[in-house]
Structures are given as C-alpha cells and as structure tokens.
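Report on the structure given below.
In the numbering used here, the protein residues as written are 3 to 178.
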C-alpha cells in the first residue's frame, strides 16, 4: 500500500480563510490592544499571516511548546520550552496555534496563561479536529474544521519537514 499526497487547502484557500479570521478578530477586539502569542513552532506561518490581517493594535509574542516530538500522536504531556517575556496582567491575550487536535496543548497553555492574570484569553487555530478532542476546549476563532487526518504543510510538520509547504495536505493510503 502506497501513501498518496492529497491537497486539502490550497494556498489561495488558506489566504481567504486567514483574511476572514483577521476580520473576525478585529471585530471582536475593536481598538483594544491584543497580545498575540504564537505557539512555536507549528503556528509561526499562520501567526505571521494572521497578525497582518488584524487591524487592532497587536503585540506579537512567542512560546515554544512540545507535545508531539516526531510522532503523529500527542504524547499527552505539554512541555513549555520558552515562556512569554511580557507581563500579561490585565492584557487581552490571543493564543494562536496551527491546529487543535486532542486539545491538550491548547488547554495547557490557556491554563498557564490564566495564572498570569490577563484581562481576557481567546484562542485562534487554523485547523480544528473536534472528533479527536481529549479535553474540553473550544477555540474562539477557527479557520477550518477537518476530519481525523494527519495533515502537513503551512507550518504543520512531519518529522522536521514540510513546514514551508504553502498549502495543507494529507498522506492517504492508496491501492496504486
């Protein structure tokens, strides 16, 4: 059995989705400044595109987390490799991630940020896989909902590769 590459979202579809999300986030916050936290490494491509579509004053910050390693499944444990540098007390925080799959990472980061006493916490993910959820978390801003596929590209990796691919695809089993 071979694995075939199937494109799920083209570069154009991704950019239209990001534009829509930027508008939704701008409307939600108005002129209130946002502290946008991109979860590295997966969300860096999406976060860069998204913050350029948000018209609200935005500070960009990064956190490095790890829960997958080189695997297709989460380890169930979230490690914070690098935390935020800013004081988030009283700030509007927008956590940006590439995908909400099991929800374990996003849930852990939301709980971690809550300890910093922000004014508000919202989450934005490009992809949402609700049928894989292992914890109760619902992203506030969702680009696309997808079925249970292992997806790659647009920041999403397989091993150390494919983050630079401008579209999102899945490897599917093929009889060919």
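By construction, the Cβ of each residue, glycine as well, lies at the ideal position given by its N, Cα and C atoms. Keep in mind it's a predicted model, so treat the numbers as computed, not measured.
Nearest-angstrom Cα separation, counted from residue j out to residue i
i: residue 25; j: residue 177; result: 42 Å
i: residue 59; j: residue 120; result: 17 Å
i: residue 12; j: residue 153; result: 13 Å
i: residue 1; j: residue 101; result: This structure leaves residue 1 out entirely; the chain is present only between 3 and 178.
i: residue 89; j: residue 15; result: 36 Å
i: residue 179; j: residue 64; result: Given a span of 3 to 178 for the chain in the structure shown, any question on residue 179 remains unanswerable.
i: residue 66; j: residue 22; result: 26 Å
i: residue 124; j: residue 18; result: 21 Å
i: residue 35; j: residue 168; result: 29 Å
For residue i, the residue or residues it bridges with in DSSP
i: residue 172; result: 8, 153
i: residue 65; result: 41
i: residue 163; result: 160
i: residue 143; result: 126
Cβ-Cβ separation, residue j to residue i (assumed contact under 8 Å), whole Å
i: residue 170; j: residue 41; result: Not confirmed; about 17 Å, so no contact.
i: residue 139; j: residue 96; result: About 15 Å; that fails the 8 Å criterion.
i: residue 111; j: residue 136; result: At roughly 15 Å, the Cβ-Cβ gap does not stay under 8 Å, so residue 111 and residue 136 are not in contact.
i: residue 68; j: residue 81; result: 5 Å
i: residue 44; j: residue 159; result: 7 Å
i: residue 7; j: residue 163; result: That belief does not hold up - the Cβ atoms of residue 7 and residue 163 are roughly 13 Å apart, past 8 Å.
Cβ-based neighbour list, residue i, same chain, cut-off 8 Å, excluding 5 preceding and 5 following
i: residue 20; result: 48, 51, 52, 55, 128, 145
i: residue 87; result: 63
Same chain, Cβ closer than 7 Å to residue i, five either side skipped, listed in chain order
i: residue 31; result: 58, 94
i: residue 78; result: 106
Closest Cα partner of residue i within the set the options
i: residue 122; options: 61, 98, 91; result: 91
i: residue 157; options: 46, 38, 124, 103; result: 46
i: residue 62; options: 28, 98, 27, 33; result: 98
i: residue 104; options: 114, 87, 148, 18; result: 148
i: residue 37; options: 141, 118, 161; result: 118
Spatial neighbours of residue i in its chain, beta-carbon cut-off 6 Å, leaving aside the 5 residues before and after
i: residue 133; result: 150
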